[in-house]
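First comes the structure, then the notes that go with it.
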Amino acid sequence: MTDHISIEQLRKFAEDYVKAEKTRIPSGGWWQSPLMVSAAIDGRFDDLPRIAAEDHLLPRDLLSTARSVIVFFIPFVKALVKENKKGDRPCRDWGLAYVETNDFIGRLSQAIAGLLAEHGYESGLTPATHNFDDVKLMARWSHKHLAHLSNLGRFGVHRLLITPTGCAGRLGSLVTDADLGDNPLIETEDACLLKAGKECGQCIKACPVSALSESGFDRRACWDRLLENIESLEYFSDLPESTHVCGKCAALMPCSFKNPVVNLKKR
Ligand code: SF4
Ligand code: SF4
């Protein structure tokens, strides 16, 4: 037996979950209110192996009866993003927030699956990260590409997803056999100023290893920097080896906390 559940109920549940977590953990929480979209599983997801990685999983590889993809974005608080702006290396809190957010995304995904189960629906989950091929430097389940196809945001020149509340945060996703339909949030075809034909390129200038350009991304240079950070920074020595962070291209950019293309259109 199943009973109806809507995207509004799921969004409210995720918002309350983030609020409750903020009071629970010692840091007081790194997060602002989350965004969530759903998308009906249709032919658009067949494109994942072409646009993301050859061996990218399809939504029904996670759950054969799945009908919807759910993707959420948890924006970081501005103070954390501001703190990470300084210097060429990520700050201690950026690394800590990465670790705690990955754990939190796992728990939030489980909790959403639990709520769906109470309504009689099944879910399929993957970890927030570490489904990653470190030779090809591609994820086999890319929350970013799922978020793009589900219209939560658009890719910026920095290869991050720019949502209506920006790019400084982290994504999670799951699939379910609940029929939630399409509930997009992005309002514009592009959300990156440069891609929309305006001046910017601030992320390109901010990258300490020149991995970004308007037309390309040196994935290897970026990855090597992330490895170097966890291996060499003394103040990361107690964090897991998998703390692969930098974040300079997301720190205090025009797209850090909003979709800057929306504001252009309103002018
Ligand atoms: S900083 Fe500018 S160029 Fe880079 S992704 Fe954001 S809007 Fe695009
Ligand atoms: S995460 Fe760091 S190294 Fe990678 S592209 Fe962004 S600024 Fe460059």
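If you want the numbering used here, it's the 1-based position in the sequence shown plus 573. Just so it is clear, CB atoms sit at the ideal spot from N, CA and C, and this is done for glycine as well.
Buried or exposed by the 16-neighbour rule on C-beta atoms within 10 Å, applied to M609: Buried.
Residues near D661 by beta carbon distance below 6 angstroms, same chain, minus five either side: The answer, listed in chain order, is P781.
Local conformation of W714 per DSSP, three classes: If DSSP states are grouped into helix, strand and coil, W714 belongs with coil.
Inter-stretch contact (C-beta, 8 angstroms, three-pair minimum) for the region 668-678 and the region 770-778: The region 668-678, when compared against the region 770-778, does not touch it at the 8 angstroms Cβ threshold.
Cβ-based burial, S810 [other Cβ within 10 Å; buried from 16]: S810 should be labelled exposed.
D634 at chain C interface by Cβ criterion, 8 angstroms: Protein chains in the displayed structure number just one, and chain C is not present.
A626 - DSSP class collapsed to helix/strand/coil: Residue state, collapsed to three classes: coil.
Segment contact flag, the region 678-696 with the region 742-759, C-beta cutoff 8 angstroms, min 3 pairs: Because the criterion of three Cβ pairs below 8 angstroms is met, the region 678-696 and the region 742-759 touch.
Neighbourhood of R732 by C-beta distance below 7 angstroms, restricted to the same chain and skipping five residues each side: Cβ neighbours of R732 beyond the five flanking positions: F790.
Any 3 or more C-beta pairs closer than 8 angstroms across the region 638-647 and the region 812-831: Taking a cut-off of 8 angstroms on C-beta distances, the region 638-647 does not touch the region 812-831, as fewer than three cross pairs fall below it.
Beta-ladder partner(s) of V748, from DSSP: Beta-bridge partners of V748 (DSSP): V642 and G697.
Buried versus exposed call for I685 [16 or more other C-beta atoms within 10 Å across all chains shown]: Answer is buried; the Cβ neighbour count reaches 16.
Beta-carbon proximity check, L758 vs L785, cutoff 8 angstroms: At the C-beta level, L758 and L785 stay beyond 8 angstroms of one another.
DSSP-derived helix/strand/coil call for G739: In the structure shown, G739 falls within a strand segment according to DSSP collapsed to helix, strand and coil.
Coarse secondary structure for S611, derived from DSSP in three states: Strand at S611.
Own chain residues within Cβ distance below 8 angstroms of V650, not counting five before or after: Apart from the 5 residues on each side of it in sequence, V650 sits with its Cβ closer than 8 angstroms to the Cβ of G602, W603, W604 and Q605 in its chain, given in chain order.
Sequence ranges, alpha helix (DSSP H) only - wholly within the region 759-794, length at least 4: Listed in chain order, the complete alpha helix (DSSP H) runs (minimum 4 residues) inside the region 759-794 are 775-779.
Whole-angstrom distance between R793 and L621, CA atom to CA atom: Between L621 and R793, the C-alpha separation is close to 21 angstroms.
Limits of the alpha helix (DSSP H) - the one that W824 falls within: For clarity, residue 824 is Ala in the given sequence; the question names Trp instead. Taken as a continuous stretch (DSSP letters only), A824 belongs to no alpha helix (DSSP H), as it is neither H nor E.
Spatial neighbours of P607 in its chain, beta-carbon cut-off 7 angstroms, leaving aside the 5 residues before and after: So the qualifying residues of the chain are A587, E588, V591, F645, F646 and I647.
Beta-bridge partners of N756, as assigned by DSSP: Note: N756 is bridge-paired with S611 in the DSSP secondary-structure output.
Proximal residues to D666 (C-beta, below 7 angstroms), its chain only, five neighbours per side dropped: Excluding positions up to five away in sequence, the list reads L653 and E656.
Endpoints, alpha helix (DSSP H) assigned at V672: Element bounds for V672: R665 to E691.
Cβ-heavy atom distance, V730 to ligand 1, below 7 angstroms: Correct: V730 has its Cβ closer than 7 angstroms to ligand 1.
Under 8 angstroms between C-beta atoms of L744 and K717: Cβ atoms of L744 and K717: closer than 8 angstroms.
Proximity test, P827 beta-carbon vs ligand 1 heavy atom, cut-off 7 angstroms: Checking every heavy atom of ligand 1 against the Cβ of P827, one is found closer than 7 angstroms.
Three-state secondary structure (DSSP) of W604: W604 falls in the strand class under three-state DSSP.
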